[in-house]
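Structure first, then comments.
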Amino acid sequence: KPQSIESSERVQLSGTYNVRKGKLQLPVNRWTRRQVILCGTCLIVSSVKESQTGKMHILPLIGGKVEEVKKHNHCLAFSSAGPQSQTYYVSFDSFTEHLRWHRHAAKMVSQRINSVDLSCCSLEQLPPNLFYSQDLTHLNLKHNFLSADQRLQQLQRFSRLRSLNLSNNHLSQFPLAICDIPTLTEVNLSCNYLVSVPCSVGAMTNLQTFLLDGNNLNELPGELGSLQRLSYLGLSFNHFNHVPQILEQLPSMEKLCMAGNSLETLTLQNFRLLRVKHIDLRLNKISSVVPDEPDLLRHVTQLDVRDNRLTELDACVFPKLEMLHCERNRIACLKAKGSFLKGIYASSNELQQLVISPVPSNLTYMDISRNHMEALPDWLCEAKKLEVLDVSHNLIAELPARLLCSNSLRKLSVGYNQLQKLPERVERPLLEVLDVQHNQLLELPCNLFLKCNSLRCVNASANKLEHMPPSSLSEDSHSVLQELYLTNNRLTDKCVPMLTGHTHLRVLHMAYNHLQTFPASKMAKLEELEEVDLSGNMLKTVPTTIMNCRRMHTLIAHSNSIEVFPEVMQLMEMKCVDLSCNELSEISLPENLPPKLQELDLTGNPRLNLDHKTLEQLNNIRCFRIDPPPTFSSNETTGGPAVWSHGYTEASGVKNKLCVAALSVNSFCGSREALYGVFDGDRNVEVPYLLQCTMNDVLAEEIHKTKSEEDYMTNTFLVMQRKLGTAGQKLGGSAALCHIRHDPTDPGGCFTLTAANVGKCQAILCRDGKPLPMSLLHNIGLEEEYRRIRQHRAIITEDNKVNGVTDSTRIMGYSFLYPAVLPCPHVQTITLTSQDEFFILGSRGLWDAVSPAEAVEAVRNVPDGLAAAKKLCTLAQGYGCTDSISAVVVQLSVSEDCCSCCCSEPAQPPPSPGLGPYPSSSSAIKERPSDGSLPVPPSSCSEISSEISTSEMSSEVGSTASSDEPPQSSLVLLHEQAHHPHLHMHHQTHPLSTHQQAHATTQPCQYLFPSSELPSARSCCALHPVCLAGSFQRQLSSATFSSALSDNGLDSEDEEPIAGVFSNGSRVEVEADVHCLKAECSPQTSPPSSSTQEPALLTLPPPPPPPPCTPEPPEEGINLNFGEAENGLERDESWQGVGAGAADGGKSGGKRRVNGSVAQQEQSHNLIEVAADAPSKKPGGYFTAPAQPDPDDQFIIPPELEEEVKEIMKQHQQRQQKPAGSEQPSDYYDTPL
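To convert, note that position 850 of the sequence shown is 850 in UniProt numbering; the numbers rise steadily by one, no gaps.
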């Protein structure tokens, strides 16, 4: 494992100084700047550039000397001992450093060293200076590149050596030199490709510990029997298919490790003559046990047969057995002697019967979770020393009546069973942790809290509880309860008074119950609360007495109907506030925010109106989330229905480190593609952040190289592994990607979903209400993975981790474990059908707490993606997850005619969820930017997708920090690089009148094609519309720009540009004049989208390729009618239906603001007021979005022009009433404005 020199525990001093080697009198040697490190017992000198590559000079100081050099200021001479001593002169920068180095080095020189650690030093041979000290007793040379050649013969010189570690080198053959060191008591030769052990090993008569794990051995020499003192022999992960008979000659043997070999039958007779106490037979292929006489196996106290193929196990043949490990087998019946038994670990089997006799009076720990037990044995109540009992994930319907009367039981886990009630008999047990989640409990014992005075944590989530037992019978409560989890029950307001007696409560989770109020007087009594989760209820307010909870650091109350922002910002310990998916309209903040505040989530509040001052104040929060400027999904822009929409959430763990990240690109490489991802760094934040920022760019490049889904996904992960750089050497992370794609070469084809994953991030598709796994967990439980890592001499530790690092055999990063651990993903492609409702991407923390079936069931009836993702995260936390969690829920609406090419009316978006009137998943409020970036909270770079260009990033961040005035910051630059695959558009949502809903047509923004390249408007179906030459639309503060179908002046029959449209090099510029005009639209012509805007110049990028664009619903009360093209092209009725559907899907409760919130509806016909909101025209024709508003950019009409403007408006109204086909002069759109 690579180690940085600076981070090594052995480093005492380090720095960069002038160094000179050899005698000062010789003119040949010169002073050179070098990296100098005082490490362990050596002085290490290396060049500054190569200090991390292992090229270094090592000077042992034991027995040497350190002297001051009087001729030079602050100079020390370091000399080694021995006949070939060397001297290094080091000139320090100050007297303080000189003194410190002198003091430390003098200690080394004077001491007699007996231990040297040169592990992980990239050594190819033993350094000569190592042999200057002959007094070594411990030598560590593991993780180097040493080979068993003549150079290792010099190890014989250490006549006092007792411990030698040569593991993880390149020996390939046994080093015979060590057999001549009679003092050795411990030798480690693991992972060295050894194929045999020589006979001369019998000469090491003092050997006590001999480790030969991870080699290619299949037999042992007979001379090994002469090692009479050998007590621990490690033979794990070799090729033995039987227990070597020579072991019977070792009388001192206490521990035999033969894990990971090829044993198929466990013949206990082979252990009859052994004196071993601890037998480790993990990860073999044992399927049967040949018994022996019990009296002959009385020496065995610990037996480990985890991860084998046993169907039954009778451990009664070991009468003095104390510890039994038999996890992950297929055992249905387990028998054991209970006289000496202290621990039983039998999870993940098929247990139906557990027979232990006599009663295990010494049993302290029993884990029989994840089995098929229907009832617990009665002797459990008689186990007087039992402290921990885990029987979760079984079929238990009733617990023993006296189980809660135990005077020893400290932790009881009975979750995920079929319990309908708990034992009523509770007699002051010492129980501290009670986990009864995921049962069918209707109530808890009425005296549970009265009698259990030691209870610290209770988890009763996912039951059917309707009320809670009292915490005390009087005002004086003796409760010490600190954590209470009641998520996903049926609790009502009546249960809240029952909580007030738990005065020491720190964590309270009551999400997804039936709470309508939380009385303020009750909250006032819970003064020690630190974390509260009240999400998914029907609360309208958070009690004001939450201010009494001075230690409060986390408040989660999303998916309610909260209208008033609570005063939690005055609590100085506050770190996380989540009030998303509510009905907030405004927030009030104190002058100074809490100093520890790290996260504030206000997404999904459609009525929220934030002024500029508030936004500036919130920008300082590390993770501030708010609805971005809204967009339609890419498929709505082309006139078809929204095929996908998404929501995501992230939550940090108990250590407040966000070790997860999410990726969402709604319009990826074109309008008919999308990309979503979830990344989990386990305990590091670097790897998930790098994956989030880079992986979509890598995938975009790989798609152009190959069309095979498996190839481009696999290549993406492999290229990303290289891009992780140094972060990927020591650190790792899981990743899951989902790519929705439509084959551009097959216009009549369907959408496909390609999922790829490594590690523990997974994707689950909901098809017809049932979970369909799209991912695969790569671990040693898969036979092919286990066989592969065995080929690469990897060791699997007792916690089933490869070399003790990770339990995933395929994961990003961890380069030092290559080739045992790879970044090669599992790839699965499936064709989406109308039965596919949504898919979920989740990190490890989510799937460890919530099963795929439960996740699908939990969010199936939640039509909003954000609310669904939030619910999954809250459920996982309510079920006990303390790690970072990330969830992405992508709603799908694939129609049955996805493979047909006929124009059809688009499907309506799903209805809004019942919790609050926020828009549905396909509405503007919930859509993320079409560029695929995550929401862009100011000062939160971790959520910015790397696909956004520099200009976009500045405009996106700026747009969230603006309000109604000045409105310029709402504009996003249209000028992008020519190679950019698509435009990033925003739009506004406004209510439409009945007349407009029936007739308004909103066309997407498209490039201008020559007539020969224009596709026909009638040949496209609802899901595969061909790019039409329509208008482009853009959010311009409170005004919008729109036009009718032929307003670009380049119809299929008329190539002559109309007035106001002109070409400028590779760009097409449109100058438009928008006034407050009301036009009557005839049924024969398509009415234009109504909007207001002052003259402005928009610039489009070069034509190819066709981009996804954003339609924009018009604003009520203001109409704009652009002149039709001279040919008067008739409109198809089907396009009116498409426009109406798209416009109807974008309705919202008020006027959309540029920061993502919705202000109250304003119906203004005052031109001065409207013009003040419009952006001024910039030189060169580009709109800019400054991060901070510029007062000079405000467009204000002077009072003296007001009359003239009104006159012009009246003239326009008169001209609009002329027939639609009448031609307008070329300068019609040129006005004094």
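Cβ atoms here follow ideal geometry from the backbone N, Cα and C, with glycine treated the same way.
Please classify glutamine 249: does DSSP put it in a helix, a strand, or coil?
-> Along the sequence shown, read from residue 1 onward, the residue named residue 249 stands at position 249. Of the three classes helix, strand and coil, the one that applies to glutamine 249 here is helix, per DSSP.
Arginine 103 by DSSP, collapsed to three states: which one?
-> Here residue 103 corresponds to residue number 103 of the sequence shown, with the count starting at 1. Correct three-state label for arginine 103: helix.
Near leucine 431, what residues of its chain come up, given a Cβ to Cβ distance below 8 Å and the 5 sequence neighbours on each side ignored?
-> On the sequence shown, position 431 is the one that residue 431 refers to. For leucine 431, where only same-chain residues beyond five positions count, the Cβ hits under 8 Å are Leu404, Ser406, Leu409, Arg410, Lys411, Leu412, Cys452, Ser454, Leu455.
If you scan the stretch 727–757 from start to end, which runs of the alpha helix (DSSP H) of 4 or more residues do you find wholly inside it?
-> 727–730
Range covered by the alpha helix (DSSP H) that runs through glycine 845 | What you label residue 845 is simply residue 845 of the sequence shown in a count that begins at 1. Run containing glycine 845: 844–849, per the alpha helix (DSSP H) assignment.
Buried/exposed call for tyrosine 17, threshold 16 Cβ in 10 Å | Translated into the one-based positions of the sequence shown, residue 17 becomes position 17. By the neighbour-count rule (16 or more Cβ atoms within 10 Å), tyrosine 17 is buried.
Helix, strand or coil for glutamine 12 per DSSP?
-> If you number the sequence shown from 1, residue 12 lands on position 12. Strand at glutamine 12.
Endpoints, beta strand (DSSP E) assigned at phenylalanine 518 = Counting from one through the sequence shown, the residue named residue 518 turns up at place 518. Taken as a continuous stretch (DSSP letters only), phenylalanine 518 belongs to no beta strand (DSSP E), as it is neither H nor E.
What is the DSSP secondary structure of serine 262, counted as helix, strand or coil?
-> In the sequence shown, residue 262 corresponds to position 262, counting from 1. Residue state, collapsed to three classes: coil.
Every unbroken beta strand (DSSP E) inside the stretch 475–531 [3 residues or more] = 483–485, 507–509
Between asparagine 218 and the rest of its own chain, which residues show a CB-CB distance below 8 Å, the 5 nearest in sequence each way excluded?
-> In the sequence shown, counting from the first residue as 1, residue 218 sits at position 218. Contacts found: Asn238, His239, Phe240, Asn241.
Expressed to the nearest angstrom, what Euclidean distance is found between the alpha-carbon atoms of serine 347 and leucine 389?
-> Here residue 347 corresponds to residue number 347 of the sequence shown, with the count starting at 1. Here residue 389 corresponds to residue number 389 of the sequence shown, with the count starting at 1. One C-alpha to the other measures close to 12 Å.
Count the other CB atoms, across all protein chains shown, that sit within 10 Å of the CB of phenylalanine 145; report buried if there are 16 or more and exposed otherwise.
-> Position 145 of the sequence shown holds residue 145. By the 10 Å Cβ count, phenylalanine 145 comes out exposed.
From this set, Arg151, Glu1204, Cys824, Pro773, which residue's C-alpha is nearest arginine 722's C-alpha?
-> Position 722 of the sequence shown, counted from the first residue, corresponds to residue 722. Considering only alpha carbons, the answer is Cys824.
Opposing strand residues paired with glycine 677 [DSSP bridges] | Taking the first residue of the sequence shown as position 1, residue 677 is located at position 677. DSSP output for glycine 677 lists Leu663, Leu737 as bridge partner(s).
Residue of Leu822, Asn548, Thr492, Val69 minimising C-alpha distance to glycine 536 | On the sequence shown, residue 536 is found 536 positions in, with the first residue counted as 1. Of the candidates Leu822, Asn548, Thr492, Val69, the one whose C-alpha sits nearest the C-alpha of glycine 536 is Thr492.
Since I believe valine 116 is in contact with valine 136 (beta carbons under 8 Å), could you give me their beta-carbon distance rounded to a whole number of angstroms?
-> For the purposes of this step, residue 136 is taken as the residue at position 136 of the sequence shown. For the purposes of this step, residue 116 is taken as the residue at position 116 of the sequence shown. Residue identity check: residue 136 is leucine in the sequence provided, not valine. The pair is a contact, with the Cβ atoms about 6 Å apart (cut-off 8 Å).
Write down the C-beta distance between phenylalanine 839 and isoleucine 764 rounded to the nearest angstrom, noting that I regard them as a contact closer than 8 Å.
-> As a position in the sequence shown, residue 839 is number 839, starting the count at 1. As a position in the sequence shown, residue 764 is number 764, starting the count at 1. The Cβ separation is near 6 Å, so the contact holds.
Please state if the CB of methionine 720 and the CB of threonine 754 are separated by a distance shorter than 8 Å.
-> Here residue 754 is taken as the residue at index 754 of the sequence shown, counted from 1. Here residue 720 is taken as the residue at index 720 of the sequence shown, counted from 1. Not in contact: threonine 754 and methionine 720 (Cβ atoms no closer than 8 Å).
By the 10 Å Cβ neighbour count, where 16 or more other Cβ atoms means buried, how is aspartate 743 classified, buried or exposed?
-> Counting from one through the sequence shown, the residue named residue 743 turns up at place 743. The residue in question, aspartate 743, is exposed, as its Cβ has fewer than 16 Cβ neighbours within 10 Å.
Quick one: residues in its chain with C-beta nearer than 6 Å to the C-beta of tryptophan 379, no 5 flanking neighbours on either side, listed in chain order?
-> Start at 1 with the first residue of the sequence shown, and residue 379 comes out as number 379. For tryptophan 379, where only same-chain residues beyond five positions count, the Cβ hits under 6 Å are Val359.
State the Cα-Cα distance for the pair phenylalanine 158 and isoleucine 62, rounded to the nearest angstrom.
-> Position 158 of the sequence shown, counted from the first residue, corresponds to residue 158. Position 62 of the sequence shown, counted from the first residue, corresponds to residue 62. C-alpha separation (whole angstroms): 15 Å.
Cβ pair count under 8 Å reaching 3, the stretch 590–602 against the stretch 571–580 = yes
Return helix, strand or coil for cysteine 901, following the three-state DSSP convention.
-> As a position in the sequence shown, residue 901 is number 901, starting the count at 1. Bear in mind that a pLDDT of 39 at cysteine 901, under 50, signals an unreliable position, so the model cannot answer this.
In whole angstroms, what separates the C-alpha of serine 521 from that of valine 496?
-> Position 521 of the sequence shown holds residue 521. Position 496 of the sequence shown holds residue 496. The alpha-carbon atoms of serine 521 and valine 496 are separated by roughly 10 Å.
Measure the CB-CB distance between glutamate 248 and leucine 266 and report whether it falls below 8 Å.
-> Position 248 of the sequence shown holds residue 248. Position 266 of the sequence shown holds residue 266. Result no, Cβ atoms of glutamate 248 and leucine 266 do not sit closer than 8 Å.
Pull up the distance between the alpha-carbon of glutamine 1213 and that of asparagine 605, whole angstroms please.
-> The residue labelled residue 1213 in the question sits at position 1213 within the sequence shown. The residue labelled residue 605 in the question sits at position 605 within the sequence shown. For glutamine 1213 and asparagine 605, the distance between alpha carbons rounds to 38 Å.
Is glycine 769 buried or exposed, if buried means 16 or more other CB atoms sit within 10 Å of its CB?
-> Position 769 of the sequence shown, counted from the start, is the residue given in the question as residue 769. So glycine 769 ends up on the exposed side.
Kindly give me the distance between the Cβ atoms of valine 821 and alanine 756, rounded to whole angstroms, as I take these residues to be in contact under 8 Å.
-> Mapped onto the sequence shown, residue 821 falls at position 821. Mapped onto the sequence shown, residue 756 falls at position 756. With a Cβ gap of about 17 Å, valine 821 and alanine 756 do not count as contacting.
State the Cα-Cα distance for the pair asparagine 592 and valine 568, rounded to the nearest angstrom.
-> The residue you call residue 592 lines up with position 592 of the sequence shown. The residue you call residue 568 lines up with position 568 of the sequence shown. In a straight line, the C-alpha of asparagine 592 is about 12 Å away from that of valine 568.
Cross-strand partners of valine 90 (DSSP beta bridge) = Counted from its first residue, the sequence shown places residue 90 at position 90. Paired residues: Val19, Leu76.
Label lysine 871 either buried or exposed according to how many other C-beta atoms from any shown protein chain fall within 10 Å of its C-beta, with 16 as the threshold for buried.
-> Here residue 871 corresponds to residue number 871 of the sequence shown, with the count starting at 1. So lysine 871 counts as buried.
Looking at the structure shown, is arginine 767 part of a helix, part of a strand, or coil, going by DSSP?
-> Against the sequence shown, residue 767 aligns to sequence position 767. Three-state result, arginine 767: strand.
Look at the Cβ atom of asparagine 394, then the Cβ atom of valine 426, and state whether they are nearer than 8 Å.
-> Taking the first residue of the sequence shown as position 1, residue 394 is located at position 394. Taking the first residue of the sequence shown as position 1, residue 426 is located at position 426. No, the Cβ-Cβ distance between asparagine 394 and valine 426 is not below 8 Å.
For aspartate 149, name the three-state secondary structure that DSSP assigns.
-> Here residue 149 refers to the residue found at position 149 of the sequence shown. Correct three-state label for aspartate 149: coil.
With DSSP as the reference, label serine 454 as helix, strand or coil.
-> Your numbering for residue 454 matches position 454 in the sequence shown. The answer is coil: DSSP assigns serine 454 none of H, G, I, E or B.
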